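Enquirer: For reference, the structure I am asking about is given below.
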Amino acid sequence: MNLMWERRRTQATILTVLVAGVTLWWTYRHRQASKGVEVKAKVSDGGTDNSTGDVPENAPHGCPGVESAEAGHGDACQGCPNRAICASGQANEPNPDVKVIAEKLADIKNIILVLSGKGGVGKSTVSSQVAWELESRGLAVGILDIDICGPSIPRMTGTIGEEVRPYSGGWIPVVKSENLLVISVGYLLPEDDGAVIWRGPKKNGLIKQFLSDVYWGSLDYLIVDTPPGTSDEHLSIVTYLKDAGITGSIIVTTPQEISLQDVRKEINFCKQTQVPILGVVNNMANSFFSEIDPEGTSRMCEKMQVPYAGSIDLDKQLLRATEEGRKVESDSNASRQIKEVIDSCLSHIRPRS
23 MNLMWERRRT QATILTVLVA GVTLWWTYRH RQASKGVEVK AKVSDGGTDN STGDVPENAP
83 HGCPGVESAE AGHGDACQGC PNRAICASGQ ANEPNPDVKV IAEKLADIKN IILVLSGKGG
143 VGKSTVSSQV AWELESRGLA VGILDIDICG PSIPRMTGTI GEEVRPYSGG WIPVVKSENL
203 LVISVGYLLP EDDGAVIWRG PKKNGLIKQF LSDVYWGSLD YLIVDTPPGT SDEHLSIVTY
263 LKDAGITGSI IVTTPQEISL QDVRKEINFC KQTQVPILGV VNNMANSFFS EIDPEGTSRM
323 CEKMQVPYAG SIDLDKQLLR ATEEGRKVES DSNASRQIKE VIDSCLSHIR PRS
């Protein structure tokens, strides 16, 4: 009897130790994951790095910009912490990261940004379904999700809970299929519902790492899903890809004027930063939004002299596919419309010089 009791007590002790060990391991793992995002995001933090624009982060109002002849000498420069660097011309020197990124992405044939003026217009839906469709055509595709504060791509590709794998030079993206690779800040967070509360420099640092430290291999297309608007992330991606070359952008909108007014700003952003526009997509075309002005998007494109890529309806099959993280059914109306949009956008790609 005593021997049996001793055995049970020993088994209970071993089980307790194992449970405690597993608990400690999981706690350590999640802390490291959280710490990893913070540490990696600080690579390009702060300082006087001017890699994402011609006005330093901590510049005073009225800054002439580092490319100006007045840089470091103007009235607005008095008292600015960057004055000496700007005056010396150091701040206007080429960013070495741009060249490194171009070398890292040399095996990617086309880089396409997916943009929107407003949030909630279906930009990530278009990004994911464009990637799925290209992948179904036998092309090698990657999705880079730089919507850092609201990453939707993990859900829309059915990769929630996946982890990026480290390698000697950085990260290996999540492999969804033989021809579809995905990277997102969503894979680096310890919790799916965790909030990312970062200022511009941290976001810029992570974007730089996604471009320079992720091993994509050879791709036909890299689809970059961006946040809505024209923010630090957009300026960062355009600047960092200066030498690698951006093939073009796809701009997503809904038909109502409240969305179109921001799309005009997005179009002007592309023109000012010399990003070719492959097409503007009129999403949710059959919704109540279009009742106000069904031809508003196409008319805007004609007026601003940019390609109109076509419309995608608000479709139940498409909504279900994005929720379930898969490609919409090939025989659906949404699939037909997406194919037409893609073919229109691809027809506007100019050969690289």
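For the sequence shown, the positions run 23 to 375 when this note's numbering is used.
Backbone N, C-alpha and C fix where the C-beta goes; we use that ideal spot for every residue, glycine too.
On a predicted model such as this, the values are computed, not experimentally measured, just so you know.
With a threshold of 8 Å between beta carbons, is K225 in contact with chain C?
Expert: The displayed structure is made up of one protein chain only, and chain C is not part of it.
Enquirer: Going by C-alpha distance, which of G227, D119, I272, K121 is nearest I364?
Expert: I272
Enquirer: To the nearest angstrom, how far is the alpha carbon of G332 from that of C99?
Expert: 48 Å
Enquirer: Please report the straight-line C-alpha distance between K140 and C102, rounded to a whole angstrom.
Expert: 35 Å
Enquirer: Whole angstroms are fine: how far does the CA of A266 sit from the CA of S276?
Expert: With the sequence shown as reference, residue 276 is identified as Thr, and Ser is not the correct amino acid for it. The alpha-carbon atoms of T276 and A266 are separated by roughly 31 Å.
Enquirer: Short of 8 Å in beta carbon distance, which residues of its chain neighbour K361, apart from the five on each side in sequence? Order them along the chain.
Expert: Answer for K361: E155, listed in chain order.
Enquirer: How many angstroms separate the CA atom of K230 from the CA atom of S357?
Expert: Taking the CA atoms as reference points, K230 sits about 34 Å from S357.
Enquirer: For N290, which beta-bridge partners are listed by DSSP?
Expert: Residue pairing for N290: DSSP places it in no beta bridge.
Enquirer: According to DSSP, what are the bridge partners of V274?
Expert: S138, V303
Enquirer: If we require 4 or more residues per run, which alpha helix (DSSP H) segments fall completely within the stretch 236 to 270?
Expert: 254 to 262
Enquirer: Please state whether DSSP places R194 in a helix, a strand or coil.
Expert: It is Ile, not Arg, that sits at residue 194 in the sequence shown. Three-state result, I194: strand.
Enquirer: Helix, strand or coil for V204? Go by DSSP, reduced to three states.
Expert: strand
Enquirer: If we count the other Cβ atoms within 10 Å of its Cβ and call it buried at 16 or more, is F288 buried or exposed?
Expert: Sequence inspection shows Glu at residue 288; the Phe mentioned does not correspond to that position. Buried, since its Cβ has 16 or more Cβ neighbours within 10 Å.
Enquirer: Between W220 and L244, what straight-line distance do the alpha-carbon atoms span, to the nearest angstrom?
Expert: 25 Å
Enquirer: So, at 6 Å on beta carbons, what are the nonlocal neighbours of P249 in its own chain, with the 5 sequence-adjacent residues on each side left out?
Expert: D169, E255
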